[in-house]
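Asker: Position one of the sequence shown corresponds to residue 540 (the numbering used here), numbered consecutively onward. Glycine is no exception: its CB is placed at the ideal position from the N, C-alpha and C atoms.
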Amino acid sequence: MRVVICGGGAIGTAIAYFHSRRGARPIVVERHEVAGSASGKSGGFLARDWCRGSELDQLARRSFDLHAELADELDNPWGYRRLETYAGHAVENGATRKAASRSWLSGSVTVTGRLGSPQTTALVEPRAFTTGLMRAAEANGGELRHGTVVGLERRPSGAVSGVVLDSGETVDGDAVVIAMGPWSILATRWLPLPAVFGYKGHSLVLRTGGSIGAEALFLEYQEENGELLTPEVFARADGTTWVCAISSTGPLPIDPAQVAADKNAHARLETMCRNISPALASAPIVARQTCFRPVTEDSLPLIGQVAGVDGAYVASGHNVWGMLNAPATGEAMAELILDSTTSHVDLGPFAPERLKTLDPVRLRGV
Ligand SMILES: Cc1cc2nc3c(=O)[nH]c(=O)nc-3n(C[C@H](O)[C@H](O)[C@H](O)COP(=O)(O)OP(=O)(O)OC[C@H]3O[C@@H](n4cnc5c(N)ncnc54)[C@H](O)[C@@H]3O)c2cc1C
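1) By DSSP, does HIS685 sit in helix, in strand, or in coil?
2) Would the C-beta of PRO833 count as close to ligand 1, meaning under 7 angstroms from any of its heavy atoms?
3) Mind checking whether the beta-carbon of PHE584 lies closer than 7 angstroms to any heavy atom of ligand 1?
4) On the three-state DSSP scale, how would you describe GLN597?
5) What is the DSSP secondary structure of VAL859, reduced to helix, strand or coil?
6) Considering only residues of the segment 554-622, which uninterrupted alpha helix (DSSP H) runs meet the minimum length of 4 residues and lie entirely inside it, listed in chain order?
7) Is the beta carbon of LEU644 sitting closer than 8 angstroms to the one on GLY583?
8) Would you call the segment 565-578 in contact with the segment 681-689, where contact means no fewer than 3 C-beta pairs closer than 8 angstroms?
9) How would you write the range of the beta strand (DSSP E) that THR779 sits in, first residue to last?
10) Closer than 8 angstroms by C-beta to PHE831: which residues in its own chain qualify, once you throw out the five before and the five after it? Chain order, please.
11) State yes or no: is the C-beta of PRO840 within less than 8 angstroms of the C-beta of SER821?
12) For HIS805, verify whether its CB is less than 7 angstroms away from any heavy atom of ligand 1.
13) Spell out the partners DSSP gives VAL798 in its beta bridges.
14) Measure how close the beta-carbons of LEU691 and VAL703 come, nearest whole angstrom, since I'm counting them as under 8 angstroms.
15) Are ALA826 and LEU743 touching if we call contact CB-CB under 8 angstroms?
16) Relative to the C-alpha of ARG620, which candidate in GLU763, ARG775, LEU730 has its C-alpha closest?
17) Contact defined as beta carbons within less than 8 angstroms: I believe ALA626 pairs with THR660. What is the distance between those atoms, to the nearest angstrom?
18) Under the rule that 16 or more other beta-carbon atoms within 10 Å means buried, what is SER581, buried or exposed?
19) Would you mind working out which of ARG587, LEU605, ILE815, ARG693 sits nearest GLU870, comparing C-alpha positions?
20) Should the segment 599-616 be called in touch with the segment 860-870, which here means at least 3 C-beta pairs below 8 angstroms?
21) Pop quiz: HIS883 and LEU758 are said to be a contact at Cβ under 8 angstroms. What is the actual Cβ separation, rounded to whole angstroms?
22) What three-state label does DSSP hand ILE876 in the structure shown?
23) Can you give me the C-alpha to C-alpha distance between VAL648 and LEU875, rounded to a whole angstrom?
24) Give the straight-line distance between the Cα atoms of ILE724 and ILE824, rounded to the nearest whole angstrom.
25) Span of the alpha helix (DSSP H) holding THR810?
26) Taking LEU672 as part of the alpha helix (DSSP H), name the residues at either end of that continuous run.
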């Protein structure tokens, strides 16, 4: 069974890996680079039960368990580790006479509670996770093709039989999966699908060495101008710390390689780092990153078959939990395509047809 997967983010590579484990032949077609977008630049934070009470709960719990299994099975080249997770608040240039609540934080930060323990929260380095799954899929006979998907091939019955690349080449498959993150909106020109929007985020990666333990911090931070930010700080196993804040609705460029930062966003993040932590203030910055997370109208992902089109599937719109939910999405998509059913997660709540399809006419000129 040849399965063509459009997009080499965490979702596409997880689908490829779980297909390859079953002996199928996944072919990932990637326009820019594997993990070149949100899946290489995100936080990589994982939580077992933070989706309780929502339709995502089953997917998240299954994924949390699979993350531990994958790290074991594939020798963990992505620094999977369990964490303590805290909440806190700070005001820019706020009181510094107070004793620091954690050794690496400045006195301006008040830690208000524990949000998670090593039993319930964990972290991966997202680029290594995504490229690691692609490599593992290739080792099992999967394939990576560089190219931009611009359309679908159809059989006389209307069933999808492959994709067309911008080079004019075609890649044949028994099934095609749209997993292009926020760029999945472009597939509404080929298939009856709802919109997936992109929501921009900025982050820094700092080389903190051993100065911060295995901890994550979710903050409320008030800038001097009064603006309230909700930064996240995650200390990774590779001796770097990832810090994000500053989201915006800036337009998504058609070419993933053209994603650019908002003016001053990284400078504001750097100021915040200097305020909240001496360890961050003195750490060299190794990356200033910008990326778009994929979001649907009801904030739930689209995972399943495209209604009325044989051979066409979608897995996109994972919003703030795409790194967490990649494994169970990959596993469920492999089961759906190869067995026509799923054994661990009910995909009903994620059926693409629950949302109104986007009128492709609105995308003319793209
Ligand atoms: C700042 C930030 C922090 C985040 N932190 C976390 C976190 O801590 N934990 C968590 O679980 N989630 C987090 N997320 C969410 C997570 O990163 C996303 O949900 C996830 O990366 C989406 O993966 P994806 O594979 O769907 O999309 P992407 O990573 O965007 O991959 C889509 C791929 O499709 C390719 N593509 C586009 N067009 C085409 C085409 N025409 N042909 C072929 N390929 C194409 C792109 O080049 C890209 O590689 C965060 C997101 C952001 C923005």
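Answerer: Let me lay it out:
1) strand
2) yes
3) yes
4) helix
5) helix
6) 577-580, 596-612
7) no
8) yes
9) 779-787
10) SER576, ALA577, GLY720, PRO721, GLY737, TYR738, LYS739, GLY740, LEU791, VAL798
11) no
12) no
13) In DSSP, VAL798 forms no bridge with anything.
14) 7 angstroms
15) yes
16) ARG775
17) With 8 angstroms as the limit, ALA626 and THR660 do not qualify as a contact, their Cβ atoms being about 12 angstroms apart.
18) buried
19) LEU605
20) yes
21) Contact doesn't hold; Cβ gap of about 34 angstroms is too wide.
22) helix
23) 47 angstroms
24) 33 angstroms
25) 804-815
26) 665-678
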